[in-house]
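Residue numbers (my numbering): 16 to 733.
Glycine included, C-beta positions come from ideal geometry on N, C-alpha and C.
Some notes on the structure that comes next.
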Amino acid sequence: MARTYQLNPEPGAAGSLGPTSTEPVIEIDFRAELNDQQHAAVTAAAGQTLVIAGAGSGKTRTLTYRVAYLLANAIAPDNILLLTFTNKAAREMIERVNHLVPGQAAGLWSGTFHSIGNRLLRLHADALGFTRQFSILDSDDAKQLLTTVIDQSGVTRETANSKKDATGPSPALKRGRKKSEAGDFPKAQALGGLISLATNTGTPIEEIILKRFGYFEELTEKIRQVAVLYTQRKKNANSMDFDDLLALTVKLLRENESLRNYYQRQFQFILVDEYQDTNALQSEMIDLLAGGHGNIMVVGDDAQSIYSWRGANFENILKFADRYPGAQIHKIETNYRSVPEVLALANESIAANRRQFRKNLVAARPSLGMKPALVRLDTPSMQAAFVSQRLKDLHENEGIAWNEMAILYRAHFQSMDVQMQLTQDRIPFVITSGLRFFEQAHVKDAIAFLKWAANPLDEVSFDRAVRLLPGVGPGAASKLWQAWLKIPDAAAAASTGRPPTSYSALLTPLKVPPKAQPTWIQLGHILDEFLDPSSDTGFHPPSAMLTSVIEGFYGDYLLQSFDNARERKQDLDQLTVFSERYDDLATMLAELALLTNADDTSPRDGSQGRRKQQPNDDAVALTSIHQAKGLEWKVVFLIWLTEGMFPNARVIDEGGPEGLEEERRLFYVGVTRAMDQLYLCYPEFWPKAYSGDAFQIPSSFLHDFDPARVEEWNIRGF
DNA sequence: TTTATTAAAGTTTTT
DNA sequence: CTTTAATAAA
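So this is what it looks like as structure tokens:
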């Protein structure tokens, strides 16, 4: 029995809900397919709506049905904007919407905040003094550029002198190598983090230093200088880092009234997933886009806010109703995922946190008669042996498929023992954390040439590419860059977006170290192979460009430089295959930069670097808890539940009680991934501890719940 | 002065 | 294992 609902139009935006010319035919029985709470949220009137959706309560279902509901009410797909945190979530939503309303969702805007930012910026970059071919710097690129900026700014030299007599040498300096001459100026990575936090939270740098990096206080002025130089340098290089994709989108919308109006009219309905993890910048982006009509529905769970270190502001969700007076609040509290035993443990754990919306998550599923297991183990290798053997057991005796089981941990390195054990026991697994495919050195090397071709001002890629030549280091690379910038045809290429007619003609005259001369000539010819005057862009397709680089130069370089050249070559072949999907270079490069490991189609065996068989392998998942958010498995192992590891010692040091609460939320996320079986594992002794106590104390999170909630397993040694 | 080589130390979470 | 710092060599 189908039923159609009419949305109540917002008073201020009455005219904006007009039906499209072709009335869609959508026959969904919303009432029957959703529970009461879900149904209320899905069919909520236009305006501002906060949906608090507990773990496993059908959050994705609610959002996708909401989209379908809007479509059913004659809202055109391109008037809907759906913002998510990961590409994976975005893809899953679209898939499910398409399943629900086949063919009706074409033109819907959906993606991560970063990818939507990218999309808008590609259209309007010129308004900000960039060209549309701007490059995206990943964290490694950004770090590289920041390092150069720090070096060239001279801040480190002055620091060394002024610092010397200020404080006596600390005892820590006695051990290890000689005292560093650079003084205490932060390294690129630390500085990058600091600047990023300032950007994402919309806080001035000096305030961030005071609050979080007190030990840099004396350097505040210099840090600010460097930050300014960094921004300048990015602009000169026509490059944006990840934060810029948000910050510059916000800037664009804030400063450009007509554009703002245009997009406010376009995005009549805005839906936001994982709202608890938005930061100041992202919430401003939402506000700017929604300003005109205010039709926003945000969905989230305050208990699962785990990204404060990236500037996420948990207050956004707690104070949503204050920000938007008159907002409706819906709660969805039925958990369809976990057995009652798991849910009870989760509920008791999270109750130890003070700041939260009180929720009453109720299990919909019946008990299977098994309590979560609390497993004490002697050592990490025993932990690995236990996990591995138990996986095998469950697979062989209980018929549980490999891909219905997962091992979750706080930090990558905690998975090393398990990886080795699984490899030994021939249990198939995929890792979705650690170094990303596209962040590996050889992949980035090969792509650097294409990035530079697409954006001739891309200093970072130029630098990377040129340093691959023998005898070219930082010094020579920097000189070459200056020389390159002075070539009129190069500048022309940068401003028109069309490549020069010949690279070799421009490059050959430049002075390079004698050792590099032959390769330099060769490089010019390889770049010439990129060119296709008859095509729209002036380039051959990306895959052909990649082949030129690999066949003409980089393949040989691999053989000379790496002992595992063959495996790396395979990666590049894979990359070439991947690139065949694209005929537009800029599109491909942008997507590469924004793809993460979770989206990677080529899982690898982390310990050996060997390639696994197929993308959708039947394999056990190894992932950080952060990346596990939104996913579920029948069987979940949480490993390394020891004090200092989880909760992480550094987080407590820096974040205090709030840091501890966030760690607890992370634990909660981990626990609530489990559908049927949950194993809480901790090793008692760590033989290889770098320093401090090798004896491990069980995580305090294991004391948050009633001991009767778990069953203790005694593990017998070999 | 710049690059190549070698030794040592340090590991959170991600778009 | 990967990054970084110190040292040797060009």
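C-beta contact flag for residue i and residue j at 8 Å
i    : j    : result
L392 : P698 : yes
A643 : L423 : yes
P92  : A68  : no
I442 : V635 : yes
Q711 : F700 : yes
Y518 : L542 : yes
S353 : R680 : no
L465 : L495 : no
D440 : S396 : no
R482 : K459 : no
L600 : H457 : no
L637 : F453 : no
T99  : T127 : yes
G671 : E677 : no
N470 : Q148 : yes
Simplified DSSP assignment, three categories, for residue i
i    : result
V377 : strand
M420 : strand
E42  : coil
D141 : helix
M108 : helix
H114 : helix
A388 : strand
A175 : Low per-residue confidence applies at A175: pLDDT is 40, beneath 50, and the placement is therefore not dependable, though the value from the model is reported in the following sentence. Three-state DSSP puts A175 in a helix.
A636 : strand
D615 : The predicted position of D615 is uncertain, since its pLDDT is 48 and thus under 50; no value can be drawn from it.
D551 : coil
G326 : coil
N729 : coil
A197 : Because A197 sits at a pLDDT of 36, beneath the cut-off of 50, its placement in the model cannot be relied upon, and the point is left open.
P515 : coil
H4   : With the chain covering 16 to 733 only, the question about residue 4 has no answer from this structure.
F149 : coil
F716 : helix
L656 : coil
A723 : helix
S36  : No answer about S36 holds up, because its pLDDT of 41 lies below 50 and its placement is not dependable.
I95  : strand
G621 : Low per-residue confidence applies at G621: pLDDT is 35, beneath 50, and the placement is therefore not dependable enough to give any value.
D302 : helix
L693 : strand
N133 : helix
N579 : coil
I238 : helix
I321 : coil
Proximity winner among the options, relative to residue i (alpha-carbon distances)
i    : options                   : result
F200 : N215, P219, A213 and L161 : L161
G414 : L274, T64 and D633        : D633
V66  : V650, P722, W648 and D317 : D317
G341 : Q711, R680 and I311       : I311
V592 : V666, A605, T562 and Q575 : T562
V684 : A531, A664 and G645       : G645
E566 : Q371, Q537, G553 and W655 : Q537
Y767 : L604, K334 and G488       : In the structure displayed, the chain extends from 16 to 733; residue 767 sits before or after that span and is not available.
E299 : E677, L267 and Q281       : L267
L49  : P672, W417 and T349       : T349
K237 : D166, T264 and V313       : D166
S639 : Y597, V686, L609 and I347 : V686
G71  : C696, W648 and G659       : W648
Q283 : L212, A367, F145 and I95  : I95
Supposed contact pair residue j and residue i - C-beta distance, whole angstroms, cut 8 Å
i    : j    : result
F13  : S364 : Missing from the structure shown is residue 13; the chain here goes from 16 to 733 and no further.
A83  : I43  : 6 Å
R81  : V57  : 5 Å
L86  : I41  : 6 Å
I220 : I210 : 7 Å
T79  : R111 : 4 Å
V666 : K386 : With a Cβ gap of about 29 Å, V666 and K386 do not count as contacting.
T214 : D258 : 5 Å
Heavy atom of the ligand GDP within 7 Å of residue i beta-carbon
i    : result
L161 : Among the ligands in the structure shown, none appear at all, so the ligand GDP cannot be discussed.
**Message:** Does the structure place the segment 685-693 close enough to the segment 354-365 that three or more beta carbon pairs sit under 8 Å?
**Reply:** yes
**Item:** the segment 250-257 / the segment 223-231 touching (three or more Cβ pairs under 8 Å)
**Value:** By the C-beta criterion, the segment 250-257 is judged not to be in contact with the segment 223-231, since fewer than 3 inter-stretch pairs fall below 8 Å.
**Request:** Evaluate contact between the segment 655-668 and the segment 424-432, counting only Cβ atoms and requiring at least three cross-stretch pairs below 8 Å.
**Result:** In this structure the segment 655-668 lies against the segment 424-432, because at least three pairs of beta carbons, one per stretch, are closer than 8 Å.
**Asked** Okay, do the segment 578-585 and the segment 542-552 touch, 3+ Cβ pairs below 8 Å being the bar?
**Response** no
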